[in-house]
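Chains as they are written, first to last, in our numbering: chain A, 1 to 341; chain B, 1001 to 1341. Down below is the structure, laid out as structure tokens.
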DNA sequence: AAATTTCTGATTTACGTACATCAGAAATCG
DNA sequence: CGATTTCTGATGTACGTAAATCAGAAATTT
């Protein structure tokens, strides 16, 4: 049988009440007694039964997800996954709330975060916009002993406890290698479509992409980045323009959202171009385009995994517990026509 | 507040004891009363607090992992992950035991499975060898109301509750597409190294690979499959032979284990061949070969995920609960040099 | 209608932990 | 040394559920 608090009390020669005081870091225990109890805990290998403890405490985890408003498919999916998690709240003792903030708007994000500081909250997950004032606001939350995880996009140099998202530099490099290898030595131009260089994930993807392109595939020339603001119509216009202007384009890398517009432009360009295309985020649109051959590969981060991971990490952090690192690593999925889920 | 058993009793106008009898499917409740209680449960939206129930029951989950003996890296890794899970037993209320059986040996596997039938066990996970007698043994376990999940390799037509592994046909197709695209239109021979055609995962990978090769890359010719029995030395011999015999080989697909030997053979062949190589399973050997360029892509299934998923599914099945399907889907990881974990 | 058999209610104990209260012991202070 | 102050022990209740017991009510059989 697993040792219990009774066993600690017996082993340490103290009462249950004292064991309880030590375990829950309550005052009223002399240093020597405390050490005696702690030794006993180690000796008999006591592990707190978290389920029983939570039951006794009537513990619930009020969690807040701060998500950008916006109508691209990826954020829609993320919202949906958080709502999905809400339906499991009863089982998981969570109480999840979504706070929406305008996208790419640091002051709004800061205001939302600061508003949370005085609430009684077990953790915050946010899609970070990478700005110093956001970092400061996150650090204030951490100072207030509120667990914080960044979601999808990380926050440079902040004290956040965890990042639930992919390694975007690696994602960019991977996209470059796929594109380069798929083009098999052909020479020509590559155009890159991004959402905004204001978010860290997009910047990092570009950085990784450009670096690997330069070192491994010098025969491919990178055109200036197109910024589509994750908007299908803007993206469509930019890409259509580029394709009609430059007949040497043989590859496209879309590292942001708004791929609906990109796909429209690609289909319109049609047979005129023999294009190899790598994009990010699996949505109904990119899935269809992958299947019909308009797109050659989709890099994806699984929003469901990110949300579930964020919740697990926040709960564990709130309890001062560890997590299974390998389980919480968010992997970059590479989808070809053949391994779609 | 979440409704409790007391609320059910009040709502149904019966006593706690009766509610308990209904909830735990104990005899001694008239049909009409039972239906009244069940209606009340639905009406007030009662959800059983599994943690409290397990606490009261003193529930533990004795699980058995039936794993093939053998010294290839992948099975080593799988063993290690199961042992890792054992260290979390206290927290997860599991009691995990590993039963080793000889690899590719249906009778031994059957004997091991049948021995488990009379034990008091909450679930069995096994790496299946695909044979009718094994299927029958699994079905006997299922008949004995013991939850069963297949791990890594599935079992045709059996009643197992779940399969914790990748879609191997899709894996084979994906390998074919990668190899075909990386070869960029070149013409030549492809050699395939398998472990044994007796296990379903290898057969399926080959099937997917061959089908896609035939339909999409007719300029590539598939050589007869080499069976390396997942043994490094045998693999080395077979591949070295093939490479020296056939100078038209431009691609290699290794769909089993024992890649240490393959890598030795590839390095020995050296500059003589310009080879594109896709292999399965990320190990220290394949990782190093990927980084030094000997291998171009590694397809991988995350053994840790498989083990953790199997445990979650077994526990949930034992409790008659559902699982989050998306969470339990084991994904095929594609690793290039650039996205290694 | 009486005798059974089958259901149901009331109550208690338990699981492992948290938390509160109060009395009494030990340490510290003046 | 007595008077405080600080610790510690003993005890009880609670969390939500499981499981057992036993008495009594209801249904069924004779």
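Glycine included, each C-beta is placed from N, C-alpha and C at the ideal position. Owing to the predicted nature of the structure, the values given are computational and were not obtained by experimental measurement.
In the three-state reduction of the DSSP assignment, residue 1017 (chain B) falls in the helix class, which pools H, G and I.
Going by C-alpha positions, residue 1317 (chain B) is about 31 Å away from residue 151 (chain A).
Rounded to the nearest angstrom, the gap between the Cα atoms of residue 228 (chain A) and residue 1011 (chain B) is 57 Å. In this structure, residue 253 (chain A) places its C-beta atom within 7 Å of the C-beta atom of residue 278 (chain A). The segment 31-100 of chain A is shown to contain whole alpha helix (DSSP H) runs of 4 or more residues at 31-44, 50-57, 73-87, 89-92, in chain order. In the DSSP annotation of this structure, residue 273 (chain A) is not part of any beta strand (DSSP E), being labelled neither H nor E.
With respect to chain B, the C-beta atom of residue 320 (chain A) has no partner C-beta closer than 7 Å. If you check each beta-carbon in the segment 1167-1179 of chain B against every beta-carbon of chain A, the ones closer than 8 Å belong to 1167, 1170, 1171, 1173, 1174, 1176, 1177, 1178. In this structure, B:1061 is the residue among B:1154, B:1280, B:1068, B:1061 with its C-alpha nearest to the C-alpha of residue 1311 (chain B).
Taking C-beta atoms as the reference points, residue 1073 (chain B) and residue 1283 (chain B) count as a pair closer than 7 Å. Counting only runs of 4 or more residues that sit fully inside the segment 117-182 of chain A, the alpha helix (DSSP H) segments are 132-143, in chain order. The beta carbons of residue 1205 (chain B) and residue 1159 (chain B) sit no closer together than 7 Å. For residue 1280 (chain B), the beta-bridge partners assigned by DSSP are B:1299. For residue 1338 (chain B), the nearest beta carbon of chain A is closer than 7 Å to its own beta carbon. For residue 260 (chain A), same chain residues with a beta-carbon under 6 Å away, outside a window of 5 residues either side, are 232, 285 in chain order. Annotated three-state conformation of residue 1028 (chain B) is coil, per DSSP. Interface criterion not met: the Cβ of residue 282 (chain A) is under 7 Å from no Cβ in chain B. Here residue 1137 (chain B) has 1109, 1110, 1113, 1114 as same chain residues with Cβ atoms under 8 Å from its own Cβ, once five neighbours each way along the sequence are excluded.
Residue-level contact by beta carbon fails for residue 65 (chain A) and chain B, as no gap is shorter than 7 Å. Put simply, the backbone Cα of residue 1053 (chain B) is about 11 Å away from that of residue 1024 (chain B). In this structure, the alpha-carbon of residue 1037 (chain B) lies about 40 Å from that of residue 1086 (chain B). Separation of residue 281 (chain A) and residue 309 (chain A) (C-alpha to C-alpha, rounded to the nearest whole angstrom) is 18 Å. In this structure, B:1161 is the residue among B:1200, B:1134, B:1161 with its C-alpha nearest to the C-alpha of residue 1146 (chain B). Residue state for residue 1103 (chain B) is assigned as coil, using DSSP reduced to three classes. Between the alpha carbons of residue 132 (chain A) and residue 116 (chain A) lies a gap of roughly 19 Å. In this structure, the CA atom of residue 35 (chain A) is about 21 Å from the CA atom of residue 321 (chain A). Collapsing the DSSP output to three states places residue 324 (chain A) in coil. In this structure, the CA atom of residue 42 (chain A) is about 20 Å from the CA atom of residue 51 (chain A).
For the segment 1086-1097 of chain B, the set of residues with a beta-carbon nearer than 9 Å to any beta-carbon of chain A comprises 1088, 1090, 1091, 1093, in chain order. Against chain B, the beta carbon of residue 74 (chain A) has no neighbour under 9 Å; the closest one sits roughly 16 Å away. Between residue 1013 (chain B) and the set B:1093, B:1294, B:1039, the nearest pair of CA atoms involves B:1039.
At a cut-off of 7 Å between beta carbons, residue 203 (chain A) makes no contact with chain B.
Of the candidates A:199, A:119, A:153, A:127, A:119 places its Cα closest to the Cα of residue 141 (chain A). One Cα belongs to residue 209 (chain A), the other to residue 174 (chain A), and the distance between them is close to 7 Å. Around the C-beta of residue 6 (chain A), fewer than 16 other C-beta atoms lie within 10 Å, and the residue is accordingly described as exposed.
For residue 1194 (chain B), the enclosing beta strand (DSSP E) stretches over residues 1188-1194.
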